[in-house]
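Report on one structure; see the data block that follows.
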Amino acid sequence: MSEIIVGGKYKVLKDRYYSETDEWILIKENIAIVGITDYAQKKLRDIVGVELPEIGKEVKANDPVAVVESVKAAADIYSPLAGKVIEVNQKLTDSPELINKDPYGEGWIFKLEISDRNEIEKLLSPEKYSELIKQREGL
Amino acid sequence: MFSTPLLDIELKLNADIGEFAGWKMPMKYTSYQEEHLAVRSSAAFFDLSHMGRLKVTGKIDEFDLLIAKDIKKASYNTMIGPTAFLNDKGGFIDDIMSYKLSDSEFLIVTNAINREKIVNWIKSNSNLDVEDLTFKYGMIAIQGRNVWNYIEKIDLKPLEFKINTKFLGEEVFLISRSGWTGEDGVEVWGSPEVISKIIQRLISVGVKPAGLICRDSIRQEMGFVLYEEDIGENITPVEARYWVFSLDKQFIGREKIVEQLKNGVEKIRIGLKLKKGERSIPRKDNKIKILDNEIGYVTSSTFSPYLNRVIGMGYINSKYALFGYSVDIEIRNKQVEAKLQDFPFI
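Line by line, the protein sequences give chains P and Y.
The first sequence: position 3 = 2 (numbering that gives the first Met the number 0), numbered continuously.
The second sequence: position 30 = 29 (numbering that gives the first Met the number 0), numbered continuously.
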């Protein structure tokens, strides 16, 4: 199984890392691709807007870098690692609902050139993130 | 926490269940945009079992004094509404729909959040009897631009209703030609078992289920208010431009309304239309400004799938009610342009 299903409805993929603020992080060499988890998009419900970060922006771990607007609330998206934003998902400008439809694929938000690989160790494994969801949901 | 009596069938329909006004209710099934467009182009149904439904029995004169529209003049088997119960300062205790069964029996539909408050308010302001039917019946609304292509045409004029009748082959308690979407359709009350059967029938003919998120975007397009967001005990019908009263009769709160109609109001409800492509959503209490001068605040906002833009409503100082003029809304420390406009948006 390449995924964990938590509480019968929240998908956690095993090929990536997670943050406590519900971002997923897929590491490919020195690049981190970042989006929000299936759990996060289900909690936010219908997403209607995304404020993307500026390309070239230098960020530290846990800096707020993007905003996801849902019908319910606006949520900050934090950078899980330090680095430089090198690409953003422009498709989200016109089709923010891609985050709902495909949070782990088409709904990615930004790519980061990692400046300190040691920080990767601080991220959550899929198993630990699944535990975190269970705790929050009282499962 | 209460739960819709239709929860079993909602879960079978893959409803995303969430909390609203102390009730577990379906928020959406697929996406609110799809559900919204189904109402505007074909038909959809809403589970409204959380709405407070009360039977009021007693002297019509007593009930007429509590309610802002004239229940005495209304015909039997006709709804009057929306109307309201007001406090002595003219503020909304609740906005309601009222159904006249006879000169001594009335039904009302309250906002879910106000059900208990209304039961107590009626009892403390009158000798009327109140029976709470909320938990006895499920309630759905079937609404849409092409609604009659999906359900049998019923012999009812807008705002007429029938009780103890048949709908889609089932015995229902009440059916009315009414709704809160701006489209045609019916609202139906029946036992949860009967309403579940009707839902299955609706699904089989292609009527889509729609959740409360879609209901919120649908009502905002029409400029309809939501209690505790856009109106409340400190807002009067005149300020809300919500014409729910008859001045040619007495009712609690009338004095304040007359005074405001004579002298004008300080604040007034307006619509806000953001530019196409703007995807920031104003939130409740965000400031509305003209040239850095704060003139009001936002009460509701959403992304309208039908208009493909963000819309909202709020209150501004009435001397700035310049429809067509551009204002700024402060959203997360950012100034976003919006146009003041009248309702409905569509």
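We treat Cβ as the ideally placed atom computed from N, Cα and C, and that holds for glycine.
Keep in mind it's a predicted model, so treat the numbers as computed, not measured.
- Listed along chain P, the residues sitting closer than 9 Å to THR301(Y) by beta-carbon distance are VAL47 and VAL70.
- Closer than 7 Å to the CB of TYR31(Y) there is at least one CB belonging to chain P.
- Around SER2(Y), no beta-carbon contact reaches into chain P at under 8 Å, the shortest distance being about 17 Å.
- At a beta-carbon threshold of 8 Å, the residues of chain P lying near ASP15(Y) are LYS41 and ARG44, ordered along the chain.
- Annotation: VAL309(Y) is outside any alpha helix (DSSP H); the continuous beta strand (DSSP E) that includes it extends over 308-316.
- Under the DSSP definition of a beta bridge, ILE108(P) lacks any partner.
- Taking 9 Å as the upper bound on Cβ-Cβ separation, chain Y lies near residues THR92, ASP93, PRO95, GLU96, ASN99 and LYS100 of the segment 75-105 of chain P.
- Membership of GLU136(P) in the alpha helix (DSSP H) is indicated by the continuous run 125-136.
- Assigned with DSSP and collapsed to three states, TRP22(Y) falls in strand.
- A Cβ-Cβ contact shorter than 7 Å links ILE287(Y) with VAL326(Y).
- For the segment 18-47 of chain Y, the residues whose beta carbon sits under 8 Å from a beta carbon of chain P are, in order, MET26, LYS27, SER30, TYR31 and GLN32.
- Considered as a whole, the segment 182-253 of chain Y harbours 191-203, 211-221 and 236-239 as its complete alpha helix (DSSP H) runs of no fewer than 4 residues, in chain order.
- Shortest Cα-Cα distance from GLN40(P) to any of ASP93(P), LYS100(P), ASN61(P) and GLY7(P) involves LYS100(P).
- Neighbourhood of ARG331(Y) in chain P, by CB distance below 8 Å: VAL66 and ALA73, in chain order.
- Closer than 9 Å at the C-beta level to chain P, one finds these residues of the segment 273-287 of chain Y: GLY276, GLU277, ARG278, SER279, ILE280 and ARG282.
- Excluding sequence positions up to five before and after ALA73(Y), its CB lies within less than 7 Å of the CB of ILE79 and LYS99, all in the same chain and listed in chain order.
- For ALA65(P), the enclosing beta strand (DSSP E) stretches over residues 63-69.
- SER40(Y) sits in a helix when the DSSP states are folded into three classes.
- Under the DSSP assignment, TYR77(P) falls in the beta strand (DSSP E) whose first and last residues are 73-77.
- At least 7 Å separates the beta-carbon of GLU96(P) from that of ILE32(P).
- Short of 8 Å from the beta carbon of SER190(Y), and not among the five residues preceding or following it, lie these beta carbons of its own chain, in chain order: LYS135, TYR136, GLY137 and PHE172.
- A direct Cα-Cα distance of roughly 24 Å separates ALA320(Y) from ASP215(Y).
- At a C-beta separation below 9 Å, ILE212(Y) has these neighbours in chain P: ARG44, ASP45, VAL70 and LYS71.
- Judged by DSSP in its simplified three-state form, ASN76(Y) adopts coil rather than helix or strand.
- Remark: fewer than three beta-carbon pairs, one from each stretch, lie closer than 8 Å, so the segment 113-121 of chain P and the segment 15-28 of chain Y are not flagged as touching.
- The segment 96-112 of chain Y makes contact with the segment 19-30 of chain Y; the number of CB pairs closer than 8 Å reaches 3 or more.
- Below 8 Å, enough C-beta pairs join the segment 55-69 of chain Y and the segment 239-254 of chain Y to call them touching: three or more.
- Counting only residues of its own chain and dropping the five nearest sequence neighbours on each side, ALA73(P) has a CB closer than 8 Å to the CB of VAL66 and VAL67.
- Cβ neighbours of ILE98(P) within its own chain (closer than 6 Å, five residues either side excluded): GLN40, ILE46 and GLY106.
- In this model, GLU136(P) and ILE26(P) are separated by some 28 Å (Cα to Cα).
- Going by beta carbons, ALA60(P) and SER114(P) fall outside the 7 Å limit.
- The three-state secondary structure of ASP46(Y), taken from DSSP, is strand.
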